[in-house]
Amino acid sequence: MEITTTGLNAITSPHLHVWDWRVSLYLFLGGLSAGLAIMTSILHVRKGGNLAEGERAAISAPLYVPIILSIGMFFIFLDLERKLNVFWFYLTVQPLSPMSWGSWGLLVFYPITVLYALAMFPESKRHLLMFRQLKEFSEWLSTYKLKLAAVNFGMGVFIGVYTGVLLSSFVARPLWNSAILPILFLTSAMSAGAAFMIMISNQKKVKLYFTKVDIWLVLAEMVMLPLFFYGQYTSSGAHRESIMPFFTFNHEYFWYGIGMLLLLVIFPIALVMKFLEVKEDHGEELTADALFKMNLSALMVLAGGLIIRFTFVYAGQLSHLS
Amino acid sequence: MPKYAMVIDQRRCIGCMACVVACKKENEVPPGDFRTRVVEKVEGEYPKLRMELRSELCNHCDNPPCVYNCPTGASYKNKETGMVLLKKYRCVGCKSCVAACPYDARYINEEKGFADKCTFCEHRIKEGKEPACVATCIGKSRIFGDLDDPKSAVSIALRENHAEVLLQSAGTKPRVYYIRKFGKPE
Amino acid sequence: MAVTSALPDKFLLWAEEQGMIKATYTATFCEMCFWKCGTMAKVLNGRVVKLEGNTAHPGARGKLCARGNAGAGLLYDPNRLKTPLISTGARGEGKYRKASWDEALSVVADKLNKIKQQYGPESVALFTHGTPTDHFLPLLSAYGSPNVGMPSFAQCRGPRDVGLELTFGEGIGSPERVDMVNSKVVVLFGSHLGENMHNSQVQDFAEAVGKGVKFVVIDPRYSIAAGKAHIWMPIKPSTDIALMLAWINIIISEGMYDKQYISSYANGFTELADAVKSYTPEWAARETDLPVQQIVETARLLGKNAPAVCVHPGRHVTWYGDDVQRTRCIGILMALLGTWGREGGAFFATKASFPKMAAKPFPEPGKAPLNLGGFPFAGGEGVTQAIRTATISGAPYPIKGWFVSGTNLMKSLPNQKETIEAIKKLDLLVAVDVMPFDTVMMADVILPECTYLERHDALAVGKGKSLTVSLRQPVVEPMYESKPGWWIAKELSKRLGAEEYFPWNTYEDKIKNQCSQWNVDYEQLKKVGTITIPNTATPFITVTNQPEFKTASGKIELYSKELKEKGFDPVPRYTNHQQPAPGEFRLVYGRSAVHTFSRSTNNAELSELFPENEVWVNSRKAKEMGIENNAYVVLVNQDGVKSNRIKVKATERIREDCVYMVHGYGTTSKELKNAYGKGADDQGLITRYAVDPICGGTGMRVNFVRFAKEGSNA
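Protein sequences, first through last, are from chains L, R and D.
Counting in the numbering used here, the first sequence runs from 1 upward without gaps.
Counting in the numbering used here, the second sequence runs from 1 upward without gaps.
Counting in the numbering used here, the third sequence runs from 1 upward without gaps.
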């Protein structure tokens, strides 16, 4: 078949390229902050607050959430072609546009995370909030701890899942057009949140707890990813074509192949490492060696999340229906 | 309420590209961007060959993914005429619409940053003229008109010929119909 | 005016949409090619924003092709010639200095006067094409020279018109008077309508395709026309006459010719029948590499559907040097099938005409013209390369000055080496043009003509079915210091002492005068662009409209006594032409619908659609040679001339013994900043040419090329 097309737009030929590393980075960081928000709520609510007792991360984690989110939002803002028009997101609600839901969701999420951070300040540390009004506000908010934790948890789920919903809504991009994608993104986000929590927490019981959480989440991802690829493989011809970059090891699809191989390696190794960490009898304190291993497995999980976001954003733009 | 649609009789398209240039001039499309294109396909082995010529443009779908996905409502479907149009002042340049279109009909205006595409030359329709591509089509391959008017050229063309749309399975319900002919020497 | 024209088009269009400013439409006709389509130019505050076809013009019918639509790309081309230029270096070095019009015109006039003194005015030749001819041919004649050469004759349609004149007493015209829309079968020999974009003719082509007319396309390449065809015959190049003679044979032997038509209107049938006896379909099948069954069936297809059969005589027919005879074959076919003057065949031109304008007769040249090159049937447009040869040899008398307007000789004449050699012998080379094309950049003096959108030219008289007259008038004022051709001619005439031959103040005065003499309402014409004189159409043979054949006998000459008298074959004979050696491919060239040869390759609005040409080669052959699709190669011809690099199109759409490329790329002019460095120049590879002894046409499809890797020393 000899095909000659005159009048192709560079932006859609030879394939779509509208979204790049800025979007991938936002997906990762947004997901991370959402997952962290979820994990933070769990940290504070679990065992009636006992888990958070004396835990440094109980204060720092809720502060990390808006910071990481801000960095991610900065990158996605960079992606907009008409940055001065950004306020238009907030002058309208488009009921069928996941991006509209997301922009409003983020508008709600931001203040919630700040309020939550304020509410979670323990008595002993409240003096760090220098202003008197702030201290009083924090005190008042802490009476709504549980309710705020629930809202924070809910918003975290929303932010973690909506990007997946957004990508999966494009019938024109078969790679993304899968019902598993939103769940995969949410699970990956929560897993990243748990991994991050492992790294920033200082107490052994907290680290081990979230390692257990992460084991389940990584396991879930390891089930979901093959199911995702299987689902695409057995769907229409375009869907089957769309996953080929991941399984074709040549010059053109080099990075996708590498990404796939890394994922195949990272998740099982991280899972095994975490399993061993939990099974091991650590004694009173975690040894430096054990700490290193925990951080390493956490970093591997984070890397896995990053790889998923990057490869999916780029490979999705290679896929097409026609 | 006129229900505007286009019928492209591929048998008559001779691949001259007059439509591509006329559209660009009429709508001030920047260099490198195109609102319509022409695809030339030849299959077979010498000397048994077959040729298809097909021009593609925005289909002004009845189920437009670019409208659903637009977060600011910049991309919208005119309820009266059925045209999918753009409110440029609301466009943020997020490119969701470019990603959402299965027909790759949209582009980003290099200079201004907003998303853009074929508008069925709405400004010409208002003056009672045909879209620029239709007016200049040397082969009279492009037919434009009101589907609600049984005497319009599009209605007649669709009654008398089997026509198909592109990517039917995507469910976009396009308003551009193709009377195909893969030319084939006997 | 000046301020608002500096505003970007987008703003102007927006302002128009808001109703702040209104557009004006000016009627004119296009010169992006030579079809002269009536155009309505939309101007917003002094800027041409859109060009649309004029519904009143029969060549446009309200539509414009891609090139017509892109006229503003020429008008606003940043590489346009802006001021007169005088050469400061050697010819072809490209070194120029700006000069005032006065100085430039004086330099030209001085040199012309010197040549007239030293050698006589006949030693200056004019090469021209398009509407600049309206002004510079009278100038040449007023100066006293008869030596005009228009490449459109010897490098294009000359042999076609001569062949048809010898048969029917007249050519087929331009626009060709073919009635494809009413045909049942249309035959195209090498004509790639669709890629060869002549507006109304392609509209007719598409209309015929839409109506289900059967097309028989004979072409070694699967063109777009072939893609629409019912029957594609991939003939071996150079063997077309074999096919035609076999068809004539079959049509005669199976009695499929129009007996009444032949007996009423034609001479020489018996001699013809006798001469073609030996051309059997089996013989033709061997020569043409076509299946014998196909040859017989197509002949029968033509015979059964006569007279509504259009055997299209083509346009650019300078292929192998026996092109007049090939056209004779087509003419004979048209006559046998009874299609000349019948619906679905070829129609007669209008018999009406406008009264001849009284004008001062030009001075008689002292010497006999040498522009006919001694060819017995050369046309009035001259044989361009004969002038070139005379320039090189100095015989029968020297040619010392060339005036070139609107034609790119380096890209039209075969064997560029000879052109350069001739130019070296000149005392004066003047170029009048719009863009700095290859030949322009060799001139001693360059005079910038403004574009067709900025000037008046002669009223265009159309003699198709009806008599029409079209006006070209300025749409916008000339940009930079460019001037219309008529002004340049008049100014030169002043300095040559020939102003009496340009007795009007402005060209518009002349047009107004013509309109009043012709009973045409000038004000009306300015508004509508084209006026069709009613009741002037007599296209087909009827009882009251009997054909008049302007041949010596007054009838169709199937057997040409005229040719016999001059020592040529009275009935075409088949000759075997040289075929490519193994590893070689015949170089075949053609057209693109978005370009007009080398004229438009710099136009940004068109070049973005088709920035560079490609060499089409059969995919199997490409594989054999280890050449990949889209790779860049260099072509080397039989004389060792190398082309610049060109992209490969490995395709099933072409025979294994030839390669094809679109003509007009590979400009040598660095001033064409958009086009320079893109594509390859086929004309550079055309070093060998076969001259048709009957009329001087230069067959240019007689060169063979090999493939070489880029940068190799093949």
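Note that beta-carbon positions come from the ideal geometry of N, C-alpha and C, so glycine has one too.
Owing to the predicted nature of the structure, the values given are computational and were not obtained by experimental measurement.
Query                                                                                                                                                         : Result
With burial defined as no fewer than 16 other Cβ atoms inside 10 Å of the residue's Cβ, what is the status of residue 704 of chain D: buried or exposed?      : buried
Taking only three categories from DSSP, how would you classify residue 308 of chain L?                                                                        : helix
The beta strand (DSSP E) spanning residue 97 of chain D covers which residue range?                                                                           : 96-98
Using a Cβ-Cβ cut-off of less than 8 Å, list which residues of the stretch 2-27 of chain L approach chain D; keep chain order.                                : 2, 6 and 7
Looking only at C-alpha atoms, which of D/35, D/46, D/21 and D/55 sits nearest to residue 528 of chain D?                                                     : D/55
Per DSSP, what kind of secondary structure is residue 4 of chain R in: helix, strand or coil?                                                                 : strand
Mapping the DSSP letters down to three states, classify residue 172 of chain D as helix, strand or coil.                                                      : coil
Determine the extent of the alpha helix (DSSP H) in which residue 72 of chain R is found, giving its start and end residues.                                  : Unbroken run through residue 72 of chain R: none, as it is neither H nor E.
Is residue 541 of chain D helix, strand or coil by DSSP?                                                                                                      : coil
Which runs of the beta strand (DSSP E) spanning at least 3 residues fall entirely within the stretch 30-63 of chain L, listed in chain order?                 : none
Name the chain D residues whose beta carbon is nearer than 9 Å to that of residue 46 of chain R?                                                              : 222, 234, 618, 619, 620, 651, 652, 653, 654, 655 and 656
Between the stretch 91-108 of chain L and the stretch 14-25 of chain L, do at least 3 Cβ pairs fall closer than 8 Å?                                          : no
Any contact between the stretch 609-623 of chain D and the stretch 683-700 of chain D? By contact I mean 3 or more CB pairs, one from each, below 8 Å.        : no
Distance, Cα to Cα, residue 125 of chain R vs residue 662 of chain D?                                                                                         : 37 Å
Which residue or residues does DSSP assign as beta-bridge partners of residue 87 of chain D?                                                                  : D/96
Just to confirm the assignment, what range does the beta strand (DSSP E) spanning residue 719 of chain D have?                                                : Residue 719 of chain D cannot be examined here, being either before or after the span of chain D that is shown, 1 to 714.
By the DSSP assignment, the alpha helix (DSSP H) with residue 221 of chain L in it spans what residues?                                                       : 204-233
Which residues bound the alpha helix (DSSP H) around residue 694 of chain D?                                                                                  : Neither: residue 694 of chain D is in no alpha helix (DSSP H) and is coded neither H nor E.
Less than 8 Å between the C-beta atoms of residue 438 of chain D and residue 669 of chain D, yes or no?                                                       : yes
Taking residue 151 of chain L as the reference, which of L/131, L/225 and L/110 has the closest Cα?                                                           : L/110
Should residue 598 of chain D be labelled buried (16 or more other beta-carbon atoms within 10 Å of its own) or exposed?                                      : buried
Go to residue 13 of chain R, then tell me how far its beta strand (DSSP E) extends in each direction, as first and last residue.                              : Looking at the DSSP string, residue 13 of chain R is not in any beta strand (DSSP E), and its letter there is neither H nor E.
What is the residue span of the beta strand (DSSP E) that residue 5 of chain L lies within?                                                                   : 2-6
What are the residues in the stretch 108-134 of chain R lying within 7 Å of chain L by C-beta distance?                                                       : 108, 113 and 114
Who are residue 243 of chain L's beta bridge partners in DSSP?                                                                                                : DSSP lists no partner for residue 243 of chain L.
At a CB distance below 7 Å, what residues from the stretch 76-98 of chain L approach chain R? Give them in sequence order.                                    : 80, 81, 82, 85, 86, 88, 89, 92, 94, 96 and 97
With three or more C-beta pairs closer than 8 Å as the rule, is the stretch 117-132 of chain D touching the stretch 354-372 of chain D?                       : yes
Under the three-state reduction of DSSP, which class applies to residue 22 of chain R: helix, strand or coil?                                                 : helix
So residue 153 of chain D contacts chain R; which residues on that side make the cut at Cβ distance below 8 Å?                                                : In chain order: nothing, as chain R lies at least about 27 Å away.
So, is residue 96 of chain L buried or exposed, given that buried needs 16 or more other C-beta atoms within 10 angstroms?                                    : exposed
Assuming residue 43 of chain R is part of the alpha helix (DSSP H), what are its boundary residues?                                                           : No alpha helix (DSSP H) contains residue 43 of chain R, which is instead part of the beta strand (DSSP E) from 36-45.
Beta-carbon of residue 606 of chain D versus every beta-carbon of chain L: anything under 8 Å?                                                                : no
If we count the other Cβ atoms within 10 Å of its Cβ and call it buried at 16 or more, is residue 620 of chain D buried or exposed?                           : exposed
To the nearest angstrom, how far is it from the Cα of residue 178 of chain R to the Cα of residue 39 of chain R?                                              : 13 Å
With respect to the beta strand (DSSP E) encompassing residue 52 of chain D, which residues constitute its N-terminal and C-terminal limits?                  : 47-53
For residue 260 of chain L, count the other beta carbons within 10 Å of its own beta carbon; 16 or more makes it buried, fewer makes it exposed. Which is it? : buried
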